[in-house]
Amino acid sequence: MTQMGFYHNTDICIGCKACIISCKDKNDLPLGEKFRRVYDYANCDWEVDENGACTPSNTFAYSVSVSCNHCTEPACEAVCPTGSIVKRDKDGVVLRDESTCIGCGSCVQACPYGASYVSDATNTARKCDFCADLLDQGEKPYCVASCSMRCLDFGDIDELRAKYGDVATIAPLPEDTSTGPNVVFSPSRLNPDGALEGVLLNEEQELISETV
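Counting from 1 along the sequence shown, just add 636 to a position and that's the residue number in the numbering used here.
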């Protein structure tokens, strides 16, 4: 079975959020709902010398674009009481059937990446579906097609790993979820090994809110 996945290059992403807006447009999402999020992560320390002069150190900033990772072992599928969530055999895309979803929120609680939410408009759980309708027509997902910096890519996860490496997580995302996320990241050159800790600058903005 082919397993589709996403790739994101945090080193060239400018955090413009075109991926979010195009996804909202394609899926006709109301105010406050989004399938993709862009997290801004940064740090700046200061070193003070004997003369009181300040020099910045351990300075970096980057943006991380993330949606549903269409995991190999999706936690959302395992906890859904109605079987509304299925992993498509032909490409591993994780889909949900809103006609059988009861909006219990079990999948929302189970997902370590915050990919799902219960919509006030439909009273059902919703998330990224990898633009499955476009995949079936041989087209790109909207987020990938709209990325102005071309830092988003998609394809067979094995091919993405061969091309870009196998880094499957990056701060501020969780490190080990046991779900097998099908995503690859290129780290920022300013923090290539993730050794520098930072601060999430826009957590409140990127939660489901009424700001976007």
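Ideal Cβ positions, reconstructed from N, Cα and C, are used throughout, including at glycine.
**Q.** Three-state secondary structure (DSSP) of residue 683
**A.** strand
(Q) Which of the three DSSP states is assigned to residue 660 in this structure? (A) helix
(Q) Quick check on residue 847: buried or exposed, where buried means 16 or more other Cβ atoms within 10 Å of its Cβ? (A) Bear in mind that the predicted position of residue 847 carries a pLDDT of just 43, short of 50, making it unreliable; the figure below should be weighed with that in mind. Looking at its Cβ environment, which holds fewer than 16 other Cβ atoms inside 10 Å, residue 847 is exposed.
Q.
Within 8 Å, do at least three Cβ pairs link the segment 747-762 to the segment 786-799?
A. no
Q.
Would residue 837 and residue 647 be called neighbours here (beta carbons separated by less than 7 Å)?
A. no
Q: Report, in whole angstroms, the separation of the C-beta atoms of residue 640 and residue 727, which I expect to be a contact under 8 Å.
A: 5 Å
Q) Between residue 783 and the rest of its own chain, which residues show a CB-CB distance below 7 Å, the 5 nearest in sequence each way excluded? A) 654, 655
Q.
Just to confirm the assignment, what range does the beta strand (DSSP E) spanning residue 730 have?
A. 730-732
Q | Strand pairing of residue 638, partner residues [DSSP] | A | DSSP, once it has assigned bridges, lists no residue as partnering residue 638.
Q) Is residue 673 helix, strand or coil by DSSP? A) strand
Q) Between residue 701 and residue 649, which are expected to be in contact by the criterion C-beta below 8 Å, what is the C-beta distance as a whole number of angstroms? A) 6 Å
Q. Distance, Cα to Cα, residue 786 vs residue 765?
A. 21 Å
Q: Count the other CB atoms, across all protein chains shown, that sit within 10 Å of the CB of residue 825; report buried if there are 16 or more and exposed otherwise.
A: exposed
**Q.** For residue 834 and residue 645, believed in contact at Cβ under 8 Å, the rounded distance
**A.** 18 Å between Cβ atoms; not a contact.
Q | For residue 661 and residue 800, the rounded distance between their alpha carbons | A | 29 Å
Q: Determine the burial state of residue 730: buried for a count of at least 16 other Cβ atoms within 10 Å of its Cβ, exposed for fewer.
A: buried
(Q) Using only CA atoms, which one of 672, 733, 721 lies nearest to residue 746? (A) 721
**Q.** 7 Å CB neighbourhood of residue 737 in its chain, flanking five on each side removed
**A.** 718, 720, 760, 761
Q. What residues in its chain sit with their C-beta under 8 Å from that of residue 810, if we drop five residues either side in the sequence?
A. 748, 749
Q.
Please report the distance separating the alpha-carbon of residue 815 from that of residue 723.
A. 13 Å
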